[in-house]
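Some notes on the structure that comes next.
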């Protein structure tokens, strides 16, 4: 920093700062020398300045020279500076070094050493921490201003008989930083719940605008880091990474009369049916050939005097019964027939076990795929509407993106909002209720899904992850606190505190019960396929009986 001091007619000091505070971070060293009234007025001008000059009170190293007789009267000024050392002119050409140190929120003037022409002051060890001891107290207990928007589980607003208090992941991070850097904080809410967006006319709204107006020292909530916001604010290292996803309602499982066919692909059933006919025909041939070799006309599938049709029909019943797991009586005379039957038994055992297991799984877990898995598929269909929360960075990302699908999504939201303004509702419960009621998709982040899936059990996400969000502490542009906050966040990561807080606020127990595999009651919808088969069997039996009666009557007449 470069300062120029000019003496005015009334002997008061005047200071001009030639470099902007936007260009510096960290500490500066300032030496103030002059008449005592001049020195006092220089410091008072700093104290009465704007927000930028007041930061110098806390961040700069100050060194001044004052007479011994004015040391006590200078206390009212010196106690308000965080890092101030004073060279005091003692009597007999001696000098002493004093500093300000904060003890229990009270700033004291402490004597460090004395120097005289007869002594060698270079033998006295001095370092920055000795001359400016308040460094060991962090930010010295000062109060910082924080602006936020309640956004569970990052910032949760609570009220009880003691008043309003806050909790959440961001509050845990903030409390650790405050303890590590030794500061207190006051929290103010954005009533209009606007995060931070640049309007078409170039002005900013939301928490970002609050930082730009220097009405708060930092903003902390589920506030994302974007290139646009980085041009007007500073931000720390990220402490949470989120994914932008599409939230939709889990489709209701419909059993239908074809439920019993779901375990196998239709081609599998064709192959099983063809195998049954082929094995049956082969077995009849083997048994009849075996009967002739053995010198008898009796086979296990047909008695003497029966024809091929009757033998084949009985063989079909036998092998079909084996396929269904039924116990059948077998009296074969052919060795080849025994081998074929053994192979069919093994085939039937594997087929029945696989079918039964798959059918049981479908009965217990009824997971259905959503009708689309990507944003591209969503904007190219006509059944679903979609929405988003307004005045967020997603507005600018979607509206100005070179991705055609992103622009279609944004234009679709504006079109739907003409007859349904709720697609742009800032109320998250309204948006999620629309999703569950369907057909409706909502562009949000995965943390919303993990937070609310226990409350909205029908809530699910598509498989596509659009991009990743980074949540960080946002500060004023050129803030001297950015590096300090970064070091505290890095320390929390190394200690494993961030992982602990993530498990605390995103526990697995929030999983919806519908996501767990539990035995559910068998409903009529689930069993309608069995009833359909029973009715079909009765109908087929009646049809066959009618045909047999007709054939018998026809034979009797002729």
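Residue numbers (UniProt numbering): 1 to 558.
Ideal placement from N, C-alpha and C gives every residue a C-beta, glycine not left out.
Determine the direct distance from the alpha carbon of residue j to that of residue i, and round the result to whole angstroms.
i           : j           : result
residue 179 : residue 172 : 11 Å
residue 158 : residue 110 : 44 Å
residue 321 : residue 371 : 40 Å
residue 339 : residue 325 : 18 Å
residue 185 : residue 44  : 25 Å
residue 302 : residue 314 : Note on residue 302: pLDDT 45, under 50, position unreliable in the model; the coordinate value appears next. So the alpha carbons of these two residues sit roughly 8 Å apart.
residue 48  : residue 483 : 26 Å
residue 411 : residue 149 : 27 Å
residue 210 : residue 164 : 22 Å
residue 60  : residue 154 : 34 Å
residue 502 : residue 456 : 21 Å
residue 543 : residue 323 : 25 Å
residue 443 : residue 382 : 17 Å
residue 169 : residue 505 : 6 Å
residue 317 : residue 251 : 41 Å
residue 26  : residue 139 : Only weak support is given to the placement of residue 26: the predicted model assigns it a pLDDT of 47, under 50, and the value that follows is read from those uncertain coordinates. Each residue's alpha carbon lies about 12 Å from the other.
residue 56  : residue 143 : 15 Å
residue 377 : residue 497 : 40 Å
Does the beta-carbon of residue i have 16 or more other beta-carbons within 10 angstroms, so that it is buried, or is it exposed?
i           : result
residue 547 : exposed
residue 82  : buried
residue 269 : exposed
residue 418 : exposed
residue 241 : exposed
residue 266 : exposed
residue 300 : Below a pLDDT of 50, predicted positions are generally treated as unreliable, and residue 300, at 49, falls in that range; no measurement from the model is reported.
residue 190 : buried
residue 129 : exposed
residue 293 : Model confidence at residue 293 stands at a pLDDT of 48, short of 50, so the residue's coordinates are unreliable; what they give is reported in the following sentence. Per the 10 Å Cβ criterion, exposed.
residue 557 : exposed
residue 353 : exposed
residue 229 : buried
residue 284 : buried
residue 469 : buried
residue 488 : buried
residue 273 : exposed
residue 554 : exposed
residue 91  : exposed
residue 465 : exposed
residue 177 : buried
residue 41  : buried
residue 64  : buried
Hey, could you find the ends of the beta strand (DSSP E) residue i is sitting in?
i           : result
residue 66  : 61 to 67
residue 405 : No beta strand (DSSP E) contains residue 405, which is instead part of the alpha helix (DSSP H) from 404 to 416.
residue 83  : That residue, residue 83, is in no beta strand (DSSP E); it is neither H nor E in DSSP.
residue 444 : 440 to 445
residue 187 : 184 to 189
residue 370 : First-last for residue 370: undefined, no H or E at that position.
residue 422 : Note, residue 422: premise wrong, no beta strand (DSSP E); not H, not E.
residue 29  : 29 to 32
residue 72  : Per DSSP, residue 72 belongs to no beta strand (DSSP E) and is neither H nor E.
residue 508 : Careful: residue 508 lies outside any beta strand (DSSP E) and carries neither H nor E.
residue 241 : 240 to 249
Using CA coordinates, which residue listed in the options is at the minimum distance from residue i?
i           : options               : result
residue 560 : 452, 141, 196 and 486 : Here the chain has residues from 1 to 558 only, and residue 560 is not among them.
residue 276 : 345, 227 and 215      : 345
residue 467 : 224, 144, 152 and 506 : 224
residue 247 : 557, 425, 555 and 388 : 388
residue 126 : 98, 153, 107 and 146  : 98
residue 413 : 395, 400 and 402      : 395
residue 361 : 151, 373, 347 and 263 : 263
residue 462 : 451, 445, 469 and 456 : 445
residue 471 : 107, 235 and 443      : 235
residue 39  : 86, 29 and 56         : 86
residue 386 : 406, 441, 349 and 107 : 441
residue 454 : 216, 473 and 432      : 432
residue 460 : 436, 30 and 80        : 436
residue 218 : 496, 489, 504 and 479 : 479
residue 406 : 194, 64, 552 and 244  : 244
residue 70  : 58, 36 and 174        : 36
If I follow the unbroken alpha helix (DSSP H) through residue i, where does it start and stop?
i           : result
residue 41  : 36 to 47
residue 498 : 497 to 505
residue 388 : Per DSSP, residue 388 belongs to no alpha helix (DSSP H) and is neither H nor E.
residue 377 : 375 to 379
residue 128 : 128 to 131
residue 158 : Where residue 158 is concerned, there is no enclosing alpha helix (DSSP H), although the beta strand (DSSP E) it sits in stretches over 156 to 160.
residue 578 : It is not possible to answer for residue 578, since the shown part of the chain is limited to 1 through 558.
residue 437 : 428 to 437
residue 180 : 169 to 181
Could I get the ranges of all uninterrupted alpha helix (DSSP H) runs contained in the segment 192 to 228, with 4 residues as the minimum, in chain order?
207 to 212
Kindly provide the ranges of any alpha helix (DSSP H) runs that are 4 or more residues long and lie completely inside the segment 445 to 489, ordered along the chain.
446 to 452
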